[in-house]
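Novice: My structure is below; once you've seen it, I'll send some questions.
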Amino acid sequence: MDLKNNILPHALPKHIAIIMDGNGRWAKQQGMIRAFGHENGTKSVKETVEACAELGIENLTLYAFSTENWNRPKLEVQTLMKLLVSSLTKELKTLNDNNIKLAAIGNLQALPKKVYKELSDAIESTKNNTRMTLSLALSYGSRDEIVNAVKEISIKVKNNIISHENIDESIINEHLYTQNLPDVDLLVRTSGEQRISNFLLWQIAYAELHFTSVLWPDFTRQHLYEAIIEYQKRERRFGKTSDQLS
Ligand code: FPP
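Numbering (my numbering), first residue to last: 1 to 246.
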């Protein structure tokens, strides 16, 4: 059965964020090396991006590489960086053909020069696209993002650009890597782990969380639909009572 028919088109999440987890375990199950899992993970990335765009999701953010992932074996880091560059080269035309804007959040300066260049070129080439924003979290850590925002704001306070009395949620938002994105509505994590792992801590304040045991390379559009259907059944109260909402 195609679960797409059970999705209410008027109540879509505006921003879906995904922690793509389980590539390594998937590869191990097949008796293969971890890189094989990451390679197959790129197929799920493609399918998820296509499915979100077709549904009319305006923002999709994928956790592709965390600040902590730099500590993985050098060869695995190299594989992930190579996969990123090859995916960008291979999919740039598809992104443009489908009017999808590419963005990146994270400490991008830490990326190898070649990756940074390829990424910046793809971002530049898709910057006027309007159907959906696909943000890749790369060398991303939420605490690092918050520390960075605090530094930027304090420099502005010191230089009298912002007065400390005026610091509010919107000022903090404007100094996060996600400055142009709305709050996350739905956060999905694959592979059965039920934790946030330093991803979008500020932005998920009111997000609905969906955990699935499916490993990322096995994640299909039907799993995405399942997550959205569950999201649409939840009552989002934002601190209010049920009665106040109705
Ligand atoms: C987590 O699985 C996955 C990652 C650290 C990387 C995700 C990267 C991709 C899906 C491929 C490239 C991405 C793009 C955007 C082209 P894990 O290695 O932690 O799995 P494990 O927990 O089973 O070991």
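Virtual Cβ for every residue (Gly too), placed ideally from N, Cα, C.
Counting only runs of 4+ residues fully inside the region 12-39, write out the alpha helix (DSSP H) ranges in chain order.
Specialist: Within the region 12-39, the complete alpha helix (DSSP H) runs of at least 4 residues are 23-29.
Novice: Please state whether DSSP places E208 in a helix, a strand or coil.
Specialist: Note: E208 maps to strand in three-state DSSP.
Novice: Kindly provide the ranges of any beta strand (DSSP E) runs that are 3 or more residues long and lie completely inside the region 167-208, ordered along the chain.
Specialist: Within the region 167-208, the complete beta strand (DSSP E) runs of at least 3 residues are 186-189.
Novice: Taking only three categories from DSSP, how would you classify M1?
Specialist: Coil, per DSSP.
Novice: Give the DSSP-derived three-state secondary structure of I228 in the structure shown.
Specialist: Three-state result, I228: helix.
Novice: With a threshold of 16 other CB atoms inside 10 Å of the CB of R237, please say whether the residue is buried or exposed.
Specialist: Exposed, since its Cβ has fewer than 16 Cβ neighbours within 10 Å.
Novice: L108: which of S135, T130, E91 sits nearest, CA to CA?
Specialist: It is S135.
Novice: Assess contact between the region 192-199 and the region 10-23, defined as three or more Cβ pairs (one per stretch) separated by less than 8 Å. Is contact present?
Specialist: Contact holds: three or more Cβ-Cβ distances are below 8 Å.
Novice: At what residues does the alpha helix (DSSP H) containing S142 begin and finish?
Specialist: Segment 142-158, the alpha helix (DSSP H) holding S142.
Novice: Between T133 and the ligand FPP, is the CB less than 7 Å from at least one heavy atom?
Specialist: T133 Cβ: outside cutoff for every heavy atom of the ligand FPP.
Novice: Indicate the three-state DSSP secondary structure (helix, strand or coil) for S135 in the structure shown.
Specialist: In the structure shown, S135 sits in a strand (DSSP, three-state: E or B).
Novice: Using the C-alpha atoms, what's the distance from Y140 back to A110?
Specialist: Their backbone Cα atoms lie some 10 Å apart in a straight line.
Novice: Assuming A205 and L187 form a contact by the criterion Cβ under 8 Å, report the distance between their Cβ atoms to the nearest whole angstrom.
Specialist: That pair is no contact at about 11 Å.
Novice: Where does L10 land, buried or exposed, given buried means 16+ other C-beta within 10 angstroms?
Specialist: Checking the displayed sequence, the identity of residue 10 turns out to be His instead of Leu. Answer is exposed; the Cβ neighbour count stays below 16.
Novice: Do you know offhand how far I257's Cα is from A149's?
Specialist: The structure shown does not extend to residue 257, since the chain is modelled only from 1 through 246, so no value can be given for it.
Novice: Return the residue from the list E47, D183, H223 that minimises the CA-CA distance to E58.
Specialist: Ranking E47, D183, H223 by Cα distance to E58 puts D183 first.
Novice: Give the secondary structure of L102 by DSSP, where H, G and I count as helix, E and B as strand, and everything else as coil.
Specialist: Here L102 sits in strand by DSSP.
Novice: Leaving out five residues on either side along the sequence, give the residues of the same chain with a beta carbon under 8 Å from the beta carbon of N23.
Specialist: Counting only Cβ-Cβ distances below 8 Å, and skipping sequence neighbours, we find R34, G37, H38, N40, G41, L215, W216, P217.
Novice: Tell me whether D185 counts as near the ligand HEM, meaning its Cβ is closer than 7 Å to at least one heavy atom of that ligand.
Specialist: As presented, the structure is devoid of the ligand HEM, carrying the ligand FPP as its sole ligands.
Novice: Which same chain residues end up closer than 7 Å to L85 when comparing Cβ atoms and leaving out the 5 residues on each side of it in sequence?
Specialist: The sequence shown places Val at residue 85, rather than the Leu named in the question. The answer, listed in chain order, is K114, V115, E118.
Novice: Would you call the region 45-62 in contact with the region 219-229, where contact means no fewer than 3 C-beta pairs closer than 8 Å?
Specialist: Output reads yes: the region 219-229 touches the region 45-62.
Novice: For R189, count neighbouring C-beta atoms within 10 Å of its own C-beta (all shown protein chains included) and say buried if the count is 16 or more, exposed if not.
Specialist: Buried is the call here.
Novice: If we count the other Cβ atoms within 10 Å of its Cβ and call it buried at 16 or more, is W70 buried or exposed?
Specialist: Exposed, by the Cβ-count rule.
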